[in-house]
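Order-wise, the sequence lines are chains A and B. Heads up, the first sequence is in numbering that gives the first Met the number 0, so the first residue is 0 and it goes up one at a time. Heads up, the second sequence is in numbering that gives the first Met the number 0, so the first residue is 0 and it goes up one at a time. Here is the structure we will look at, set down as structure tokens.
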Amino acid sequence: MASQPRASRLNSAIALFGGMKQTTTYRLRPSMEAVRNTLITLRGDWARSGLPEGLFDRTEQVLAEALNNVVEHAQIDRPQGVIEMVISGGQTGVDVVIRDDGKPMPDLVLPSGEQPAVELLTEEMPEGGFGWFLIRTLADRLDYQRAEGWNHLSIGIFKDEGSDTGQATI
Amino acid sequence: MNLVTEPHGDTLVIRVDESRIDAAVAVQFKDAFRETIEEAPERVVLDLQSVEFLDSSGLGSIVAAMKLLAPDHRLELSSLTETVAKVFRLTRMDTVFTIHTGLDDALGVSAAR
Numbered sequence: 000m001a002s003q004p005r006a007s008r009l010n011s012a013i014a015l016f017g018g019m020k021q022t023t024t025y026r027l028r029p030s031m032e033a034v035r036n037t038l039i040t041l042r043g044d045w046a047r048s049g050l051p052e053g054l055f056d057r058t059e060q061v062l063a064e065a066l067n068n069v070v071e072h073a074q075i076d077r078p079q080g081v082i083e084m085v086i087s088g089g090q091t092g093v094d095v096v097i098r099d100d101g102k103p104m105p106d107l108v109l110p111s112g113e114q115p116a117v118e119l120l121t122e123e124m125p126e127g128g129f130g131w132f133l134i135r136t137l138a139d140r141l142d143y144q145r146a147e148g149w150n151h152l153s154i155g156i157f158k159d160e161g162s163d164t165g166q167a168t169i
Numbered sequence: 000m001n002l003v004t005e006p007h008g009d010t011l012v013i014r015v016d017e018s019r020i021d022a023a024v025a026v027q028f029k030d031a032f033r034e035t036i037e038e039a040p041e042r043v044v045l046d047l048q049s050v051e052f053l054d055s056s057g058l059g060s061i062v063a064a065m066k067l068l069a070p071d072h073r074l075e076l077s078s079l080t081e082t083v084a085k086v087f088r089l090t091r092m093d094t095v096f097t098i099h100t101g102l103d104d105a106l107g108v109s110a111a112r
């Protein structure tokens, strides 16, 4: 019987300067199916994790692109690789760290994610290159670090009345 | 990947009976679409009313679908949910495709000709 790639999660509450900060950690194997299942699970967990209603859609879009990028590049040919996603937040925003044990980002910098041109003939129309553009457009904060053989991508998505995009475009 | 075809006069409507077109199914979408259009008329409308989530891979597969139909056929879109419409707007792909709010709109244009 084939097993569906599952996301496992661990809820933890961390005492921080006397207050409580809830974080949820999702662990997944590097496959697009596992990414999909993790996001579906996240949708179900969102409200009871105390995360801001109204930020889920934007967060899901960013995380789909970021996680797909990890699977396709950092974790290519690494079926036993590990991806972890740690989510925390409150009513004003969400912080996510995606860490994985795969290959580093080329030159250790994030892609610039420029908007692909679309004023083109049909046969020249791009089918790719939108992922980092969407991440940079929708996220408010992005940071990448490489440490001890792990990639750490840190993403911040904050509430902003009247805006459905973020501030992380260069 | 479930695509449901509905002929309407000189238009073929292809309804995507999936809630997500994402990296997990982008290749399946392209393969299923290619098979579905083998005897398509000149005008094809892709009905996305059931699709609640589209990532960049899904968007790319819809662009690929448009290219599969060109140049003798054209692909239009219908019934985008707000999250999917937003992806088209942000990427400016809403300037590339004719996008109908619903099938009445998509087929009304056809019937008026």
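Cβ coordinates follow ideal geometry from the N, Cα and C atoms, glycine included. A quick note: this is a predicted structure, and the numbers were derived from the prediction, not measured.
{"Check": "Interface flag, A/G112 vs chain B, CB-CB below 7 Å", "Outcome": "no"}
{"Check": "Unbroken beta strand (DSSP E) run spanning B/L74, endpoints", "Outcome": "73 to 77"}
{"Check": "Secondary structure of B/T82, DSSP reduced to three states", "Outcome": "helix"}
{"Check": "Under the three-state DSSP convention, the category B/L11 falls into", "Outcome": "strand"}
{"Check": "Listed by chain order, chain B residues near A/D56 by CB distance under 7 Å", "Outcome": "T82"}
{"Check": "Short-range partners of chain A found in the stretch 43 to 73 of chain B, where Cβ spacing is below 8 Å", "Outcome": "F52, D54, S55, S56, L58, G59, S60, V62, A63, M65, K66, A69, P70"}
{"Check": "Test: B/R112 CB closer than 7 Å to a CB of chain A", "Outcome": "Model confidence at B/R112 stands at a pLDDT of 46, short of 50, so the residue's coordinates are unreliable; what they give is reported in the following sentence. Chain A contact via Cβ: absent."}
{"Check": "Residues of its chain near A/V70, where Cβ-Cβ distance is below 7 Å and the 5 sequence neighbours each way are ignored", "Outcome": "P29, S30, M31, V34"}
{"Check": "Minimum Cβ-Cβ distance from B/D16 to chain A less than 7 Å", "Outcome": "no"}
{"Check": "Pair within 7 Å by beta-carbon distance, B/K29 and B/A63", "Outcome": "yes"}
{"Check": "Residues from the stretch 82 to 96 of chain B in contact with chain A, defined by Cβ distance under 8 Å", "Outcome": "T82, K85, V86, L89, T90, R91, M92, T94, V95"}
{"Check": "Partner residues on chain A for B/D21, Cβ-Cβ distance less than 9 Å", "Outcome": "M31, V34, R35, L38, A63, N67"}
{"Check": "Buried versus exposed call for A/I82 [16 or more other C-beta atoms within 10 Å across all chains shown]", "Outcome": "buried"}
{"Check": "Min CB distance A/F157 to chain B below 7 Å", "Outcome": "no"}
{"Check": "Which listed residue (A/T164, A/R98, A/G155) has its alpha carbon closest to that of A/G88", "Outcome": "A/G155"}
{"Check": "C-beta neighbour in chain B for A/I154, strict 7 Å", "Outcome": "no"}
{"Check": "Through-space distance from A/R135 to A/I169, alpha-carbon basis", "Outcome": "The predicted model places A/I169 with a pLDDT of 37, which falls under 50 and marks its position as unreliable, so this point remains unresolved."}
{"Check": "Cβ-Cβ distance between B/R149 and B/R19 below 7 Å", "Outcome": "Residue 149 of chain B lies beyond the range of chain B shown here (0 to 112); nothing can be said about it."}
{"Check": "Which of helix, strand or coil DSSP assigns to A/V81", "Outcome": "coil"}
{"Check": "Short CB-CB distance (under 7 Å) between A/M187 and chain B", "Outcome": "Because chain A is modelled from 0 through 169, residue 187 of chain A falls outside the range shown and cannot be assessed."}
{"Check": "Chain B residues whose Cβ lies nearer than 9 Å to that of A/M104", "Outcome": "By Cβ distance, chain B contributes nothing, its closest Cβ being about 18 Å from A/M104, past 9 Å."}
{"Check": "Rounded C-alpha distance that separates B/F32 from B/S77", "Outcome": "16 Å"}
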